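Peer 1:
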Amino acid sequence: MIVLFTGLFLPSPCLPHQYHFVNMGKNWTEAQAYCRDKYTDLATIDNMEDMNRLLNLEHFGDYNNTVWIGMYDDVNSWRWSLEDRAEFRNWQIGQPDNVNSNEHCVVMTEGGEWQDEDCNEKPPFICYTSIGEKGSTFIFIDEPIKAFSEAQSYCREYHTDLASVRNQTENQEIQKMVSKGSKVWIGLFRDSWKWSDGSDSSFRYWNHTQPNNNGGVQSCGAAVFKGGKSWTERWFDWNCKDRHPFVCYSGELL
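Residue numbers (mature numbering (1 follows the signal peptide of the UniProt record, and there is no 0)): -16 to -1, 1 to 238.
(1) Let me check one thing: in DSSP terms, what residues is ILE77 bridge-paired to?
(2) Pick out whichever of PHE5, ILE125, GLU33 and GLN76 has its Cα sitting closest to the Cα of ALA27.
(3) Applying the 10 Å Cβ sphere with the 16-neighbour rule, what's the burial state of MET161?
(4) I need the DSSP call for CYS224, collapsed to helix, strand or coil.
(5) Under a three-way DSSP split, which group does THR121 fall into?
(6) Excluding the 5 residues preceding and the 5 following PRO195 in the sequence, name in chain order all residues of the same chain whose CB lies nearer than 6 Å to its CB.
(7) Does GLN99 come out as helix, strand or coil in the three-state DSSP assignment?
(8) Let me know if GLY9 comes out buried or exposed under the rule of 16 or more other beta-carbons within 10 Å of its beta-carbon.
(9) Rounded to a whole number of angstroms, what is the C-alpha to C-alpha distance between GLU154 and ASP21?
(10) For GLY200, which option in TRP190, HIS192 and LYS225 has the closest C-alpha, if you only look at C-alpha atoms?
(11) Given that a residue counts as buried once 16 or more other Cβ atoms are within 10 Å of its Cβ, and exposed if not, what is ALA17?
(12) What did DSSP end up calling GLN194 once you bin it into helix, strand or coil?
(13) If you draw a straight line from the C-alpha of SER203 to the C-alpha of GLN156, how long is it?
(14) Apply the 10 Å Cβ neighbour rule to THR144 and answer buried if 16 or more other Cβ atoms are within range, or exposed otherwise.
(15) Name the DSSP beta bridge partners of GLN202, please?
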């Protein structure tokens, strides 16, 4: 059985970023606050085209030192300040090296390469502005029942990916497709709990005891709806080898 449900995502970038070079000395946290106040956030760089546009930015071409960009280390992984899904990296050879175990932010050199840096340093920084919104369709599939990795492969072959749940509205939309007492795979899996499609959405809807990695084998996320009181309408971590129905979505990657 396949059930479709169409939803609308929150605004997200869909046009090339407009970058702004700010030649003021601030630490990473201060730079982040400035960008969020004046623009959108510290710069996210999606690809080499973005890199080239940034390097050709007015006033930046004459600058020959490091600048802050929006990437930071949350100890477990590198991710963007705006929680953008971008996976593009342009590290200098030998980077990141986390000298003295305190280089948790990223600078770009005059050559466009990236280095990890102490967040308390005060170079200039790059901001960007983003606009746009995109739609999506959720697809509920209960045949054949698959393990997480198989469900992931299925969604990627026939749709886009396993479902990312970005807010309460989307959680409720998926909930409507799930039968009483059952659970479904969604796209969340353990790697600091990221989404299968690369999205870095910060929305979480865990049960109050979750995630608990019971037995050290629960590395995938499942949404459990309309079951027992302790399970109702919340997410659990689950053994990735267990077999459940699952939810996919169609639409451009965000």
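C-beta: ideal position from N, C-alpha, C; glycine also. Computed from a predicted structure; not experimentally measured.
Peer 2: Let me spell this out:
(1) Paired residues: none, contrary to the question.
(2) PHE5
(3) buried
(4) coil
(5) strand
(6) ASP221
(7) strand
(8) exposed
(9) 28 Å
(10) LYS225
(11) exposed
(12) coil
(13) 23 Å
(14) buried
(15) ASN223
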